[in-house]
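Asks: Sharing a structure, written as structure tokens. Questions coming.
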Amino acid sequence: MQRLRFGIIGSGKISQYSAQSIVNHPRAELTAAQDINRKRAEQLASAFEIPHCFTEASELFACDEVDAVYIAVPNKYHAELSIAAMRAGKHVLLDKPFAMNAQEAEEVLRVSEETGQLFALGMNQRFNENSQKIKAVVQSGAFGEIYYAKAYWMRREGIPRLGTWFGSKALAGAGSIYDIGVHLLDLSLYLMDNFEPVSVFGSTYTKFGNRGLGESDWGLSDKTDSIFDVDDLAAAMIKLKNGATVCLETSWASHIPENERLNVELFGTDLGASVYPAKLYKRDPLDADYRTIENIAAKPGLPHCDRFHNFINHLFEDEPLIVSGEQALAVQRILDAIAESCRSGKSIDL
Ligand SMILES: NC(=O)c1ccc[n+]([C@@H]2O[C@H](COP(=O)([O-])OP(=O)(O)OC[C@H]3O[C@@H](n4cnc5c(N)ncnc54)[C@H](O)[C@@H]3O)[C@@H](O)[C@H]2O)c1
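The following block contains the structure:
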């Protein structure tokens, strides 16, 4: 295989950015685009000179000029389309969240094993240059023991367009926690190198979208109804096997002073850190002064800082896949436990 030929399933908002990342790689090209909305698939195909255009996913899966698919559709279809693609002999890069629940996610991993097709979840926050720099510092051992992470992505008015699939539990599975919370939960565990949760306590709230408030302009899907039955704020405490804790807060809409609050803060026995932007906090052993280091010398572990390039390089070369199936499954299990904890009002043991 000289070049990896990609097909895109779902030609909505995120696919416009993802298509650009794919064509930026010297050994990848886009050969097919699909969407149930033909006009949208045609627009993407025209913008990126993609030769084949389909409305049925099965037509794209049957196309001989496609080696791998990138899937970016409403969450309800993530597992079934990933499975159908692998059974048709295509490698799969799926956008987050993994699935509607851990059972679906397990089935996707089982089919990847059975068919031998590569499956990867595209968690783009791991590939941010700030994240990669902090990861390099973690790998140097400079933090000592990382015993706490505080992760938050709070928006003041950031609900994707009201009336689209994003607000429907049947199509999205959950709201802010599946859309943005999942990113920082995954990033925290990646930076701590700890995907072994033991218990989860979570709360979710629906206070803005159900009143028609807090809308932003993200998303291309059509407005189909006025259902909004997902969370627009969620909070969780996740206890890990080595005793470390992650505190996660996420909101699509809330009364906060800024438009957006977004960070992962790490607390180690020898060093503290912020990821966005990348900064380190430490006491200097020579003059006992407390320092904030803003120009971190560590180089990003992956110079390209791109999830698509990692997927392609992994297939062509020896670059390790950054998001493993087991890690993605662990994150899904935590998301399930947050929902279960909210239903029961109790802490959930995993
Ligand atoms: N990694 C990120 O930062 C990031 C950002 C945004 C969205 N996403 C994920 O990408 C996915 C798509 O989000 P979006 O923002 O592009 O949404 P969007 O609403 O803009 O686009 C979704 C597209 O999927 C199409 N579609 C619906 N059902 C389909 C089906 N069964 N088969 C094929 N196409 C179908 C719709 O017609 C629409 O064009 C979601 O899973 C979302 O969580 C990831």
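Under numbering that gives the first Met the number 0, the residues of the sequence shown are numbered 0 to 349, in order. The beta-carbon is built from N, C-alpha and C at its ideal position, and this holds for glycine as well. Values in this document were obtained by computation on a predicted structure and should not be read as measured data.
1. Three or more C-beta pairs closer than 8 Å, one from the segment 301 to 317 and one from the segment 88 to 99: is that the case here?
2. Put Q138 into one of helix, strand or coil per three-state DSSP.
3. Considering only heavy atoms of ligand 3, does any lie closer than 7 Å to the CB of G157?
4. Which term fits P256, buried or exposed, when burial requires 16 or more other beta carbons within 10 angstroms of its beta carbon?
5. Can you tell me whether N74 is buried or exposed? The criterion is at least 16 other CB atoms within 10 Å of its CB, across all chains shown.
6. Report yes if the CB atom of P196 is closer than 8 Å to the CB atom of I321, and no otherwise.
7. Let me check you understand the geometry: is the CB of Q33 closer than 7 Å to at least one non-hydrogen atom of ligand 1?
8. Could you give the residue range of the alpha helix (DSSP H) that holds F227?
9. Please state whether DSSP places I321 in a helix, a strand or coil.
10. Can you find the residues in the same chain that come closer than 6 Å, C-beta to C-beta, to A327, ignoring five residues on each side of it along the sequence?
11. So what does DSSP say about Y350, is it helix, strand or coil?
12. Specify, as a first and last residue, the run of the alpha helix (DSSP H) that M85 falls within.
13. By a C-beta neighbour count over all protein chains shown, 10 Å radius and 16 as the cutoff for buried, is T268 buried or exposed?
14. Compute the distance between the beta-carbons of G9 and C62, then report whether it is under 8 Å.
15. May I ask whether a heavy atom of ligand 1 can be found less than 7 Å away from the beta carbon of R4?
16. Let me check you understand the geometry: is the CB of R154 closer than 7 Å to at least one non-hydrogen atom of ligand 1?
17. Let me check you understand the geometry: is the CB of R39 closer than 7 Å to at least one non-hydrogen atom of ligand 1?
18. Using a Cβ cut-off of 8 Å (strictly closer), state whether T203 contacts chain B.
19. Going by the C-beta, is N129 closer than 7 Å to any heavy atom of ligand 1?
20. Can you tell me which residues form a DSSP beta bridge with R260?
21. What would DSSP say about I333, mapped onto helix, strand or coil?
22. Does ligand 1 have a heavy atom nearer than 7 Å to the CB of S57?
23. So what does D94 bridge to, in DSSP terms?
24. Using DSSP with H/G/I as helix, E/B as strand and the rest coil, what is F194?
25. What does DSSP give as the partner residues of V199 in its beta bridges?
26. According to the neighbour-count rule (16 or more other Cβ atoms, all chains shown, within 10 Å of its Cβ), is S154 buried or exposed?
27. I'd like to confirm something about V229: is its beta-carbon nearer than 7 Å to some heavy atom of ligand 1, or not?
28. Within the chosen definition, does the segment 208 to 228 reach the segment 156 to 175 through at least 3 CB pairs nearer than 8 Å?
29. Taking Cβ positions, are L219 and A235 nearer each other than 8 Å?
30. Y69: beta carbon under 7 Å from a heavy atom of ligand 1?
31. Would you please state the rounded distance, in angstroms, between the beta carbons of Y280 and N129? I believe it to be under 8 Å.
32. Using only the alpha-carbon positions, how far apart do V330 and T205 sit?
33. In the DSSP output, which residue or residues are listed as bridge partners for C246?
34. Using 7 Å as the cut-off, classify the Cβ of N36 as near or not near the heavy atoms of ligand 1, replying yes or no.
35. On a Cα-Cα basis, can you pick out the residue from S57, D34, N209 and E28 that is closest to I49?
36. Taking 8 Å as the threshold, find out whether the segment 295 to 302 comes into contact with the segment 124 to 139 through three or more Cβ pairs.
Replies: Let's see:
1. yes
2. Taking the first residue of the sequence shown as 1, we reach residue 138 at position 139. Residue state, collapsed to three classes: helix.
3. Among the ligands modelled here, namely ligand 1, ligand 3 does not occur.
4. Residue mapping note: residue 256 aligns to position 257 of the sequence shown, counting from 1. P256 should be labelled exposed.
5. Counting from 1 along the sequence shown, the entry for residue 74 is found at position 75. N74 comes out buried.
6. Looking up residue 196 in the sequence shown gives position 197. Looking up residue 321 in the sequence shown gives position 322. In this structure, I321 does not lie closer than 8 Å to P196 by Cβ.
7. Taking the sequence shown and counting its residues from 1, one reaches residue 33 at position 34. Flag set: Cβ of Q33 near ligand 1.
8. Numbered from its first residue, the sequence shown carries residue 227 at position 228. Taken as a continuous stretch (DSSP letters only), F227 belongs to no alpha helix (DSSP H), as it is neither H nor E.
9. As a working note, residue 321 is residue 322 in the sequence shown. It is coil, neither helix nor strand.
10. Position 328 of the sequence shown, counted from the first residue, corresponds to residue 327. Once the five neighbours on either side are set aside, the close Cβ partners of A327 are F97 and L120.
11. Shown here, the chain extends from 0 to 349; a query on residue 350 therefore has no answer.
12. Taking the sequence shown and counting its residues from 1, one reaches residue 85 at position 86. Run containing M85: H77 to R86, per the alpha helix (DSSP H) assignment.
13. On the sequence shown, residue 268 is found 269 positions in, with the first residue counted as 1. It is exposed - the Cβ of T268 has fewer than 16 other Cβ atoms within 10 Å.
14. Counting from one through the sequence shown, the residue named residue 9 turns up at place 10. Counting from one through the sequence shown, the residue named residue 62 turns up at place 63. Not closer than 8 Å, so no.
15. The residue labelled residue 4 in the question sits at position 5 within the sequence shown. Checking every heavy atom of ligand 1 against the Cβ of R4, none is found closer than 7 Å.
16. Sequence index remark: in the sequence shown, residue 154 carries index 155 (1-based). Not under cutoff, so the answer is no.
17. Here residue 39 refers to the residue found at position 40 of the sequence shown. Yes, the beta carbon of R39 sits closer than 7 Å to at least one heavy atom of ligand 1.
18. Absent from the structure: chain B. Only one protein chain is present.
19. Stepping through the sequence shown from its first residue, residue 129 is reached at position 130. Every heavy atom of ligand 1 is 7 Å or more from the Cβ of N129, so no.
20. Counted from its first residue, the sequence shown places residue 260 at position 261. Its beta-bridge partners are M153.
21. Position 334 of the sequence shown, counted from the first residue, corresponds to residue 333. DSSP places I333 in helix when its eight states are reduced to three.
22. Working through the sequence shown from its first residue, we reach residue 57 at position 58. False, no ligand heavy atom lies under 7 Å from that Cβ.
23. On the sequence shown, position 95 is the one that residue 94 refers to. Partner(s): G121.
24. Here residue 194 refers to the residue found at position 195 of the sequence shown. DSSP places F194 in coil when its eight states are reduced to three.
25. Walking along the sequence shown from the start, residue 199 turns up at place 200. According to DSSP, V199 bridges with I237 and I347.
26. Position 155 of the sequence shown, counted from the start, is the residue given in the question as residue 154. Going by the sequence as given, residue 154 is Arg instead of Ser. Buried is the call here.
27. Indexing the sequence shown from 1 puts residue 229 at position 230. Because no heavy atom of ligand 1 lies under 7 Å away, the Cβ of V229 does not count as near it: no.
28. yes
29. Numbered from its first residue, the sequence shown carries residue 219 at position 220. Numbered from its first residue, the sequence shown carries residue 235 at position 236. No, the Cβ-Cβ distance between L219 and A235 is not below 8 Å.
30. What you label residue 69 is simply residue 70 of the sequence shown in a count that begins at 1. Y69: no, Cβ never under 7 Å from ligand 1.
31. Position 281 of the sequence shown holds residue 280. Position 130 of the sequence shown holds residue 129. Not a contact, Cβ separation roughly 15 Å.
32. Within the sequence shown, numbered from 1, the residue matching residue 330 stands at position 331. Within the sequence shown, numbered from 1, the residue matching residue 205 stands at position 206. For V330 and T205, the distance between alpha carbons rounds to 22 Å.
33. Start at 1 with the first residue of the sequence shown, and residue 246 comes out as number 247. DSSP lists K149 and M236 as partners of C246.
34. The sequence position of residue 36 within the sequence shown is 37, counting from 1. Yes, since a heavy atom of ligand 1 falls inside the 7 Å radius drawn around the Cβ of N36.
35. Translated into the one-based positions of the sequence shown, residue 49 becomes position 50. Nearest option by C-alpha distance: E28.
36. yes
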